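Participant:
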Amino acid sequence: MGRRKHFDGKDQPLGLLTKDKLRQALYMFQFVRPYRWSLIIGLVLLFLSSLVFMAFPYLSGLMIDIAQGKSKFEWTLADAGLILLLVLLVQGGISYSRVMLFSRVSELGIADVRKAVFSKLITMPMVFFEKSRTGELVSRLTSDVERLYNAFSITLAEFIRQIIILLSGIVFLALTTPRLALIMLATFPVIVVLAMVFGRFIRRLSRERQKELAQANNIVSEAMQAIQAVKAFTNEWYETLRYGKTIDRVVRVSLRYAHGRALFGVFIITVLFGGLFFIIWEGARMLQHGEITAGQLVSFVSYTAIIGGAIAGLGNFYTELLGAIGATERIREILQAEGEVALKRPSAQPQIQLQGRIAYEQVHFRYPTRPDVEVLKGISFQVEAGQKVALVGPSGAGKSTIVQLLLKFHKPTQGVIRVDGHDIFSIDTTEYRRHIAIVPQEVLLFGGTIRENIQYGRPDATEGEIVEAAKKANAWEFISHFPDGLDTIVGERGVKLSGGQRQRIAIARAILKDPAILLLDEATSSLDAESEKVVQEALNNLMQGRTSIIIAHRLATIREADQIFVIDDGRIVEQGTHESLAQIPNGMYNSLARLQFESV
Ligand SMILES: Nc1ncnc2c1ncn2[C@@H]1O[C@H](COP(=O)(O)OP(=O)(O)OP(=O)(O)O)[C@@H](O)[C@H]1O
Ligand SMILES: [Mg+2]
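With numbering that gives the first Met the number 0, letter number 501 in the sequence shown gets 500, and the count goes up by one each step, no holes.
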């Protein structure tokens, strides 16, 4: 199947820094470009502060030599203390400016990345969302970008700092105490690298533990979300068992993790400090033989510790940077993908006018996610502007699919759909969709006020127009009964609206949009007789003077339709008015109608 590598979003294995990864990293640098001067100055300051930092071990050694009267310089202790204070102040100032500059670059740059990713996501074609999991898309915007942010705000700077410290430290030691430096270079890096390998093993255990824990948390949130199902099916015991099992797994992994950490502690104490002490011992011997001064030994040991830290840090930061580059790959995939519409502020007036004449010409369709099944098998029909047509037929026949193709959610695999004689794919998608409104069966409202939800149909609508639309939609009645009226918050943290109320808000939204073409997908099927009457009235108001396509399971609601198409298995099997279809003795329309009237 045509599953592209794009959409599976698996973690990339961390490897070496390849040319490809470098290219990806460079791609992301376009987001830094506007702030490059801050970055460049920050880098210079970083360089300076790292060098200044390297003066501390030297100065502490120097003070000891001065105290013992063995310094090459004619300085007093007070002089040395003053210099140290000065260096401290300079170091503080530089560090402060450097952190602020880097933060500026990363905050602003990452904000740009987030905005760019979101605006790309939202313009992606429907098929993209069908192929990706929502959770994965959200995680690209949150955790992947966060990883990039960390890399930028902290890791990159630290990485560079450690390199500077490492190089300057080694150069310094090689110049001042070459013999000790050689011994140190022969032993210390080996130990540090060993420690890093060990550390990586422990991190893997830690990740495993995180994963098990996440799974356990998943069970909790699933159970809470589906709490009604859990209780209705009395599965409390089963859920508890399921949760208990994952928690037991967490404990097993955690203990293995603890074991690793404990061993690591022993390793650090014996081997790492052992190595350090060996070098100190060697230094002490040289001091005894008068080959170096006490001050030199002190600065040497300090440098060694710092260099050891730098080597260890480099390994960690390197891994983190590679991880961040892996995260950029997923971000970059979205950024470089082709959106279906260009993102622009809509013009006040529509650029094109449509009457709403619709023609399907031999339309065949397969969903891109299921290319082996032909869902529509040659659909042809015509609707004059202002007509009401109805689609009926058994579940899975393809009715919703027909409507979705008209919204340009997908492109027919064969055939053409015309509106006012134009192939809809030759019309600008955003402009085209301005003339279509849909009232779906399951209305999802946005969290926010009722006003905002109605205004979604036309963001520049006035208060009067909103109230007018709510009245036409038969929604004003219940809205005005809420204490907060239009300002009532709906959704999870507000009033929960009934199915029929939500539908009427969706209808008000469609009325406000004032489209040439109106699509109703089974808008009345989930309502009781009373609310159905109110909603039906609202719909009749809405359908005035527009081309309407209604998908209805309740045949009673479509008696007045100008044309009715009976869809079965991706084909139109019957068409006509209610009266003419009712004449066909063994027709599908009749059998559907019979079934309904029997069941009422
Ligand atoms: N996004 C999708 N990806 C793949 N296949 C789909 C998708 N949506 C629908 N289908 C398949 O296309 C066929 C037609 O579905 P459609 O939703 O158009 O039926 P329908 O006539 O609207 O049915 P119902 O009356 O139950 O709403 C079904 O076999 C369905 O499984
Ligand atoms: Mg449907």
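All C-beta atoms, glycine included, are put in the ideal place defined by N, C-alpha and C.
Quick caveat, the model's predicted, so the values are computed rather than measured.
1. In the DSSP assignment, what residue or residues form a beta bridge with Gly395?
2. Rounded to whole angstroms, what is the Cα-Cα separation between Leu594 and Val565?
3. Starting from Ile63 and walking both ways along the alpha helix (DSSP H), at which residues does that stretch end?
4. Thinking just about the alpha-carbon of each residue, which of Ser142, Ala505 and Arg545 is nearest to the one in Ala323?
5. Rounded to whole angstroms, what is the Cα-Cα separation between Asn217 and Gln209?
6. By DSSP, does Ser497 sit in helix, in strand, or in coil?
7. Enumerate in chain order the residues of its own chain whose CB-to-CB distance from Phe128 is below 7 Å, with the five nearest sequence positions on each side excluded.
8. Between the C-alpha atoms of Ser205 and Leu405, what's the straight-line distance to the nearest angstrom?
9. Hey, Ile504 and Leu591 are a contact pair by Cβ (cut 8 Å); roughly how many whole angstroms apart?
10. Is Pro12 helix, strand or coil when you go by DSSP?
11. With DSSP run on the structure shown, which of helix, strand or coil describes Asp7?
12. Nearest by alpha-carbon distance to Gly80: which of Ser96, Ser94, Met99 and Gly60 is it?
13. Using the Cβ count rule (16 or more neighbours within 10 Å means buried), how would you classify Asn473?
14. Going by beta carbon distance, what residues of the same chain come within less than 8 Å of Val144, once the five residues before and after it are set aside?
15. With DSSP run on the structure shown, which of helix, strand or coil describes Gln381?
16. Which class does Ala436 belong to by DSSP, given the choice of helix, strand or coil?
17. Which one of Leu107, Lys119 and Ser49 has the shortest CA to CA distance from Tyr95?
18. Sort out for me which residues DSSP pairs Val489 with in a bridge.
19. If we ignore side chains and look at the alpha-carbon of each, how far apart do Ile548 and Ile510 end up?
20. Would you check if the distance between the CB atom of Val572 and the CB atom of Gln502 is smaller than 8 Å?
21. Checking the sheet assignment: what are the DSSP bridge partners for Ile416?
22. Look up Asp422 in the DSSP assignment and say whether it is helix, strand or coil.
23. Can you tell me where the alpha helix (DSSP H) with Gly463 in it begins and where it stops?
24. Would Ile63 pass as a contact of Val219 if the rule is Cβ separation under 8 Å?
25. Assign Ser479 to buried or exposed, taking buried as 16 or more other Cβ atoms, counted over all protein chains shown, within 10 Å of its Cβ.
26. In or out: Ala537 buried (at least 16 other Cβ within 10 Å) or exposed?
27. Whose C-beta lies closer than 7 Å to the C-beta of Thr176 among residues of the same chain, with five residues either side of it excluded?
28. Can you give the Cα-Cα distance for Arg32 and Leu38, rounded to whole angstroms?
Facilitator: Quick look at the numbers:
1. Gly395 pairs with nothing; no bridge assigned.
2. 15 Å
3. Ala54 to Ala66
4. Cα-wise, what sits closest to Ala323 is Ser142.
5. 12 Å
6. coil
7. none
8. 51 Å
9. Not a contact, Cβ separation roughly 30 Å.
10. For Pro12, the predicted structure reports a pLDDT of 45, less than 50, and the residue's modelled location is therefore unreliable. The matter cannot be settled from this model.
11. Legend: pLDDT at Asp7 = 36, less than 50; position of this residue unreliable, value from coordinates given subsequently. Asp7: coil per DSSP, three-state reduction.
12. Gly60
13. buried
14. Ile109, Val112, Arg113, Val116, Ala326 and Ile330
15. Residue state for Gln381 is assigned as strand, using DSSP reduced to three classes.
16. strand
17. Ser49
18. Gly447 and Val494
19. 15 Å
20. no
21. Tyr359
22. Judged by DSSP in its simplified three-state form, Asp422 adopts strand.
23. Its alpha helix (DSSP H) spans residues Glu462 to Lys471.
24. no
25. exposed
26. buried
27. Ile291, Gln295 and Phe299
28. 9 Å
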